[in-house]
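Following: one structure in structure tokens, then a few remarks.
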Amino acid sequence: MPDVISTGEAVTFWILGPIALLGALGMVFARNAVHSALFLVLTMLSLGALYMAQQAPFLGFVQIIVYTGAVMMLFLFVLMLVGRDSSDSVVEVLRGQRLAGLVFGIGFAVLLVGALGNALAGVPSTGLAANDAGSGGNVTGIGKLIFTQYLFAFELTSALLITAALGAMVLAYAQSTGRLGKIGQRATVEKRLRGEHARVSPLPGPGVFATANSVAVPALLPDGSIAPESLSAIIDATPVEEGESTPADAHALTGRTGKDELS
Amino acid sequence: MSPSNYLLLSALLFTIGAVGVLVRRNAIVVFMCIELMLNAVNLSLVTFARIHGALDGQVMAFFVMVVAAAEVVVGLAIIMSIFRTRRTASVDDANLLKY
Amino acid sequence: MIDSLAAAELPEVLPAAGTASLAWLLLALPAFGALVLFVAGRRADRWGHLLGVLTVVAAFVVGLLIFLETTGLDAGQRTRELSLYRWIDVGGLNVDFGLRIDPLSLTFVLLITGVGALIHIYSVGYMSHDPGRRRFFAQLNLFVAAMLVLVLGNNFVMLYLGWEGVGLASYLLIGFYQDRPSAATAAKKAFLMNRVGDVGLALAIFLIWLNLGTLQYSQVFANIGKVGPGTIVAITVLLLLGACGKSGQFPLQAWLPDAMEGPTPVSALIHAATMVTAGVYLIARTHPIYDLTETGRLIVAIIGAITLMIGAIIGCAYDDIKKVLAYSTVSQIGYMILAVGLGPVGYALGIAHLLAHGFFKAGLFLGAGSVMHAMDDNVDMRRYGGLARHMPITFVTFGLGYLALIGFPFLSGYFTKDAIIEAAFARPGWEGWVFGLAATVAAGLTAFYMTRLMFMTFFGEKRWEHLETRDGGHYHPHESPASMTVPMIVLAVGSVFAGFLLTQGHVLANWLTPSLGELQEAPSSTLAPAAVTTLVLVSAALGVLIAYLAVGRRPTPVERPAHVSFPVQAARRDLYANAINEAVIATPGTWLSRFLVYLDNRGVDGLVNGTAALLGGSSGRLRRLQTGFVRSYALTMLGGAVLVVAALLAVRFVA
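Chains A, B and C, in that order, are what the protein sequence lines are.
Be aware that the first sequence starts at 418, since it is given in our numbering, and climbs by one per residue.
Be aware that the second sequence starts at 31, since it is given in our numbering, and climbs by one per residue.
Be aware that the third sequence starts at 3, since it is given in our numbering, and climbs by one per residue.
Right, here's the structure in full:
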């Protein structure tokens with residue numbers, strides 16, 4: 418029995434087809450990346466419905482569940498993580514890219530449309546009703562084909578999926594440790610004490626050893642000597658008396674004098 | 031109306047996807063345009079299956095979907111790692127193969 | 003008009019035996035000397051000159067022995083050939099490396115080795131201060147070897163070999179003073195003008211081979227009657243061109259005066275006695291060909307007449323003693339060429355004058371060298387004067403040579419030159435008057451310029467007493483050492499007696515009959531011989547008188563007068579010969595080579611460099627396609643896909 422397109426299908430097509438097209442156009446022209454993703458979701462959903470209209474219910478469901486539901490959600494996740502803020506600027510960097518893209522695109526479309534129109538002018542459509550009847554339904558038919566005729570391809574694609582998953586894990590894992598040149602705190606201290614850095618201790622904060630507010634007055638280190646890092650390269654240093662060094666006093670840290678201890 | 035309408039729709043979607051690859055700079059959006067192209071091809075495969083009355087087209091579309099999924103996984107992982115090191119998701123910034 | 007030269011007139015050629023079989027030594031000795039001196043280099047500096055002299059003297063001894071042996075033979079047996087080895091054996095060209103030992107070649111052998119030996123001895127003294135003396139002797143030996151190949155060869159290829167060899171030696175020797183750019187230029191000029199002549203000779207040889215298939219003298223001369231008259235004329239004219247190049251005849255005479263840049267012994271040997279006479283030898287040797295064509299001989303005679311006039315005119319205006327003698331050589335060789343152009347009446351006369359000229363001109367050149375040696379290598383006669391007292395031997399020998407040259411009665415030139423002028427007058431019709439009068443006038447001019455030279459150099463006020471040398475000192479003219487004066491004396495003796503001895507009783511002519519044919523007596527001439535002699539003597543005397551009045555009696559200014567009459571101006575400019583050469587040949591040649599260089603630089607180099615630049619430029623532009631932007635690559639991919647789809651559809655739906 419030749420395949421006839423019912424009016425229901427025609428209506429479905431003429432509604433969902435333009436919607437798919439609009440979704441595609443929206444995806445391409447939307448400035449915000451998340452909007453692009455959502456437009457694509459729209460297109461995919463309409464395509465899923467169109468599959469179902471074309472006597473491919475299994476594929477339609479797979480399209481909606483797997484493609485739209487999983488793959489596009491994955492896209493949205495990554496967008497949120499990575500690309501949300503980076504919206505494309507309107508200015509095109511490459512000269513003539515947009516014009517060339519438009520021209521080529523229109524040319525390509527014309528070619529394909531013309532070719533397809535010409536090729537399928539008088540080709541009758543067979544329809545899948547007979548096939549479904551013979552093989553016990555759409556899903557069963559697909560299953561039969563996959564596991565007999567296309568078994569090797571099936572195995573290959575499953576191996577491909579596993580490899581892809583592994584690859585994604587490797588790429589993700591390899592990034593989380595070993596940031597460029599970042600070693601831990603303990604390793605840094607060890608390096609300092611070994612003398613691989615310029616000084617053993619980190620530099621003091623500004624003003625710690627300063628004796629006055631002026632840039633020209635050099636700072637004095639705890640042992641009374643002038644800190645060389647505080648000498649300005651531009652201004653002559655004001656002479657300052659190197660004070661006698663006060664002996665290190667452990668009580669200075671606690672704030673209690675020795676006398677108070679007795680009482 | 032004939033099934034060839036579906037094919038025309040598929041051709042148009044494919045072209046829109048191709049142009050989108052050319053003009054968008056966000057790597058993820060480019061990726062999505064590629065997905066659109068794959069979807070267009072799926073549509074045409076399904077239509078051909080209907081025209082010829084055999085399920086081979088649908089099986090092929092099925093495989094295309096599987097492969098597309100695997101590809102998306104790896105591709106997004108790559109984009110993520112590039113983003114981590116270079117803090118940019120723009121396609122134009124990966125131009126070290128310049129002359 | 004072909005004079006039927008029966009084969010019987012050609013001498014029978016015998017294989018060489020006895021002393022003549024040693025004739026190869028004549029070539030080997032100087033060649034060996036040249037080889038050793040060139041290869042040994044500076045190691046031979048102390049004894050090189052002695053070896054050089056020894057080889058040529060030894061060659062002279064061998065030549066003399068062969069000559070004496072030949073005189074003992076009958077006239078019909080004097081033509082012998084000695085085949086040394088098979089030289090070229092290619093297809094139709096079979097050339098023997100062999101020697102033709104006949105009276106003509108023996109005469110030349112004696113001249114070359116004899117005068118050559120004297121000049122080698124002279125050079126020992128003349129070049130004693132020159133550090134390049136060994137090289138000089140090497141090149142001089144090379145010259146002698148090549149000249150002997152030229153005169154002794156029994157085929158045209160050996161002639162050409164010797165021809166080129168003497169050209170090379172001449173180039174080397176003219177440019178001997180390597181630090182003088184003028185010498186290098188003169189050597190180059192001589193070589194190039196010789197080359198023009200050599201092309202003529204080569205073409206003549208080609209024509210001979212083309213028509214006769216052989217290049218051996220005996221076979222060529224026997225069969226030359228079979229060649230068509232037009233070809234004969236062509237061959238004779240081309241041979242004449244070769245002779246003009248080598249002998250410095252019009253139009254190729256301009257190199258000879260410039261060749262005076264070389265050392266004086268070179269001028270004496272090469273450009274007076276030997277190399278420049280090679281042209282006369284050539285025409286004399288190929289006389290069987292010339293005998294067949296009246297036109298060819300006429301052209302030869304015309305060239306000779308023109309040249310003797312040119313040489314005489316220009317010689318009157320120069321102050322450089324060597325250049326005056328050079329132009330005198332040009333003029334005298336013109337006489338010889340005129341003589342051989344007169345046909346069977348003149349071949350032997352030309353050779354006689356050649357031999358006499360070899361003596362007195364070489365002697366004059368050696369004398370000039372002696373004067374230059376005394377005057378610190380200065381050649382300007384205006385700086386000489388009154389040298390007779392200071393250099394008596396030079397003065398006497400030079401004076402004897404001078405008298406011989408101008409044709410003083412009973413000295414060499416009187417006999418030989420007069421004979422030629424008589425034969426010239428004896429030509430029928432207008433030719434006789436033209437040639438005869440030209441020769442007579444030239445004789446007068448010769449007397450004039452030689453007397454002028456004598457007065458300016460040896461007589462009069464000693465202008466050099468008030469002048470400074472190049473180094474700022476004074477001139478101290480002195481007599482030359484014995485190594486220089488002895489050869490001059492020998493040559494002076496030759497100048498005096500050679501002419502008499504050669505022409506009395508037709509001794510030379512009879513001796514040369516096997517080679518040159520019978521010397522025919524000139525038919526009753528327009529003027530009686532006695533009248534001719536008187537005319538020539540009067541002309542010469544007039545020249546001497548005018549020279550005495552113009553130069554002898556008046557003091558000679560040291561500075562050359564600038565305002566002179568037009569003929570003198572023209573003579574000073576070589577009758578514009580050099581200017582014409584320059585304008586007609588040299589300048590267009592320079593333009594052509596500049597144009598070709600331009601073409602090469604722009605065209606060929608442009609093509610090559612342009613291709614490279616094109617590739618470089620296009621690759622430079624093409625690499626801009628690699629923008630590094632993924633989207634550009636995607637664009638090109640889409641473009642390619644569009645093209646492929648379009649092509650597929652076009653093929654499917656249109657075709």
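We put the beta carbon where it would ideally sit given N, CA and C, even for glycine.
Item to check | Within chain C, the residues that Val121(B) reaches when beta carbons sit closer than 7 angstroms | outcome: On the second sequence, residue 121(B) is found 91 positions in, with the first residue counted as 1. Identification of chain C residues near Val121(B) by a Cβ-Cβ cut-off of 7 angstroms yields Val632 and Arg633, ordered along the chain.
Checklist entry - Candidates Leu638(A), Asn449(A) and Ser649(A): which alpha carbon is nearest Pro621(A)'s? => result Within the first sequence, residue 621(A) is the residue found at index 204, counting from 1. Closest option to Pro621(A), Cα to Cα, is Leu638(A).
Item to check | Sheet register partners of Ile90(C) (DSSP bridge) | outcome: The residue you call residue 90(C) lines up with position 88 of the third sequence. DSSP output for Ile90(C) lists Val97(C) as bridge partner(s).
Next on the checklist: Does Gln88(B) come out as helix, strand or coil in the three-state DSSP assignment?
Outcome noted: By one-based count along the second sequence, residue 88(B) stands at place 58. Note: Gln88(B) maps to helix in three-state DSSP.
Item to check | Backbone secondary structure at Gln180(C) - three-state DSSP | outcome: Counting from one through the third sequence, the residue named residue 180(C) turns up at place 178. Gln180(C) falls in the coil class under three-state DSSP.
Checklist entry - When the cut-off is 8 angstroms and only beta carbons count, does Leu439(A) lie next to chain B? => result The residue given as residue 439(A) occupies position 22 in the first sequence. False, the Cβ-Cβ gap to chain B never drops below 8 angstroms.
Checklist entry - If the cut is a Cβ gap below 9 angstroms, which residues of chain B does Gln628(C) touch? => result Taking the third sequence and counting its residues from 1, the one referred to as residue 628(C) is at position 626. Simply Leu127, Lys128 and Tyr129.
Next on the checklist: Less than 8 angstroms between the C-beta atoms of Ile234(C) and Thr288(C), yes or no?
Outcome noted: Residue mapping note: residue 234(C) aligns to position 232 of the third sequence, counting from 1. Residue mapping note: residue 288(C) aligns to position 286 of the third sequence, counting from 1. At a Cβ-Cβ threshold of 8 angstroms, Ile234(C) and Thr288(C) do not count as neighbours.
Next on the checklist: What residue range does the alpha helix (DSSP H) around Ile481(A) cover?
Outcome noted: Taking the first residue of the first sequence as position 1, residue 481(A) is located at position 64. Element bounds for Ile481(A): n/a, residue is neither H nor E.
Checklist entry - In three-state DSSP terms, what is Leu651(C)? => result Counting from 1 along the third sequence, the entry for residue 651(C) is found at position 649. DSSP, reduced to helix, strand and coil, places Leu651(C) within a helical segment of the structure shown.
Checklist entry - Residues in the segment 50-81 of chain B with C-beta within 8 angstroms of chain E's C-beta atoms, listed in sequence order? => result Note that chain E does not occur in the displayed structure, where the protein chains are A, B and C.
Item to check | Limits of the unbroken alpha helix (DSSP H) element including His355(C) | outcome: Along the third sequence, read from residue 1 onward, the residue named residue 355(C) stands at position 353. Counting along the chain, the alpha helix (DSSP H) containing His355(C) begins and ends at Tyr349 to Ala376.
Checklist entry - When you compare each of Gly50(B), Ile112(B) and Ile64(B) to Met95(B) by their alpha carbons, which one comes out closest? => result For the purposes of this step, residue 95(B) is taken as residue 65 along the second sequence, with counting starting at 1. The candidate whose alpha carbon is nearest that of Met95(B) is Ile64(B).
Item to check | Ile285(C) in three-state terms, based on DSSP | outcome: Taking the third sequence and counting its residues from 1, one reaches residue 285(C) at position 283. In the displayed model, Ile285(C) falls within a helix according to three-state DSSP.
Checklist entry - Which residues does DSSP pair with Ile643(A) in a beta bridge? => result Taking the first sequence and counting its residues from 1, one reaches residue 643(A) at position 226. In DSSP, Ile643(A) forms a bridge with Leu637(A).
Item to check | Partner residues on chain A for Ala130(B), Cβ-Cβ distance less than 9 angstroms | outcome: In the structure displayed, chain B extends from 31 to 129; residue 130(B) sits before or after that span and is not available.
Checklist entry - Would a check of beta-carbon distances place Leu624(C) closer than 8 angstroms to chain A? => result Translated into positions along the third sequence, residue 624(C) becomes position 622. By this cut-off, Leu624(C) is not an interface position.
Checklist entry - From this set, Leu529(A), Ala581(A), Ser463(A) and Ile651(A), which residue's C-alpha is nearest Ala98(B)'s C-alpha? => result The count along the second sequence starts at 1 and reaches residue 98(B) at position 68. With distances taken between Cα atoms, Ala98(B) lies closest to Ala581(A).
Checklist entry - Does the separation of the CB atoms of Gly244(C) and Leu203(C) fall below 8 angstroms? => result The sequence position of residue 244(C) within the third sequence is 242, counting from 1. The sequence position of residue 203(C) within the third sequence is 201, counting from 1. Contact: yes.
Item to check | Assigned secondary structure, Pro17(C) (DSSP; H/G/I helix, E/B strand, else coil) | outcome: Taking the first residue of the third sequence as position 1, residue 17(C) is located at position 15. Reduced to three states, the DSSP call for Pro17(C) is strand.
Item to check | Contact list for Ala517(A) against chain C, beta-carbon separation under 8 angstroms | outcome: Stepping through the first sequence from its first residue, residue 517(A) is reached at position 100. Within 8 angstroms Cβ-Cβ: Leu637 and Gly641.
Checklist entry - Contact check, Leu70(C) vs Ile114(C) under 8 angstroms by CB: the rounded distance? => result Sequence index remark: in the third sequence, residue 70(C) carries index 68 (1-based). Sequence index remark: in the third sequence, residue 114(C) carries index 112 (1-based). That belief does not hold up - the Cβ atoms of Leu70(C) and Ile114(C) are roughly 17 angstroms apart, past 8 angstroms.
Next on the checklist: Check this for me: beta carbons of Phe367(C) and Leu327(C), under 8 angstroms apart or not?
Outcome noted: Along the third sequence, read from residue 1 onward, the residue named residue 367(C) stands at position 365. Along the third sequence, read from residue 1 onward, the residue named residue 327(C) stands at position 325. In this structure, Leu327(C) lies closer than 8 angstroms to Phe367(C) by Cβ.
Checklist entry - Is it the case that the Cβ atoms of Ala370(C) and Ile323(C) are separated by a distance below 8 angstroms? => result Here residue 370(C) is taken as the residue at index 368 of the third sequence, counted from 1. Here residue 323(C) is taken as the residue at index 321 of the third sequence, counted from 1. Yes. Within cutoff.
Next on the checklist: On the CB-based measure, 16 or more other CB atoms within 10 Å of its CB, does Pro516(C) come out buried or exposed?
Outcome noted: Here residue 516(C) refers to the residue found at position 514 when the third sequence is read from its first residue. Its Cβ being crowded by 16 or more others within 10 Å, Pro516(C) is buried.
Checklist entry - So which residues on chain A does Met648(C) lean against when the C-beta distance must stay under 7 angstroms? => result Residue numbering aside, residue 648(C) sits at position 646 when the third sequence is read from its first letter. Inspection of the sequence shows that residue 648(C) is occupied by Ala rather than by Met. The answer, in chain order, is Leu528.
Checklist entry - For the segment 434-452 of chain A against the segment 33-53 of chain B, are there 3 or more C-beta pairs whose distance is under 8 angstroms? => result yes
Item to check | Contact under 8 angstroms by Cβ, Ala358(C) with Ala421(C) | outcome: By 1-based counting over the third sequence, the position of residue 358(C) is 356. By 1-based counting over the third sequence, the position of residue 421(C) is 419. For Ala358(C) and Ala421(C), no; Cβs fall outside 8 angstroms.
Next on the checklist: For Thr471(C), which residues in the same chain have their Cβ closer than 7 angstroms to its Cβ, ignoring the five residues on either side in sequence?
Outcome noted: Within the third sequence, residue 471(C) is the residue found at index 469, counting from 1. Cβ within range, chain order: Asp378 and Tyr477.
Item to check | Beta carbon of Pro635(A) nearer than 8 angstroms to that of Ile643(A) | outcome: What you label residue 635(A) is simply residue 218 of the first sequence in a count that begins at 1. What you label residue 643(A) is simply residue 226 of the first sequence in a count that begins at 1. Their beta carbons are under 8 angstroms apart, which means Pro635(A) touches Ile643(A) by this criterion.
Item to check | chain B contact for Ala585(A) (CB, 8 angstroms cutoff) | outcome: Position 168 of the first sequence, counting from 1, holds the residue named residue 585(A). True, the Cβ-Cβ gap to chain B drops below 8 angstroms.
Next on the checklist: By the three-class DSSP mapping on this structure, what secondary structure does Ile103(C) have?
Outcome noted: Residue 103(C) sits at position 101 when you count from the first residue of the third sequence. Reduced to three states, the DSSP call for Ile103(C) is strand.
Item to check | Own chain, CB closer than 6 angstroms to Gly415(C), minus 5 neighbours either side, in chain order | outcome: One-based indexing of the third sequence puts residue 415(C) at position 413. Ala406, Leu407 and Gly409.
Item to check | Beta-carbon contacts of Met461(A) that lie in its chain and below 7 angstroms, excluding the five residues immediately before and after | outcome: Counted from its first residue, the first sequence places residue 461(A) at position 44. Gln480, Tyr484, Thr485 and Met489.
Item to check | Classification of Arg654(C) by the beta-carbon crowding that lies within 10 angstroms, buried from 16 upward | outcome: The residue labelled residue 654(C) in the question sits at position 652 within the third sequence. Arg654(C) is exposed by the Cβ-count criterion.
Checklist entry - Does any CB atom of chain B fall closer than 8 angstroms to the CB of Gly425(A)? => result Along the first sequence, one-based indexing puts residue 425(A) at 8. Chain B, which has no Cβ nearer than 8 angstroms to the Cβ of Gly425(A), makes this no.
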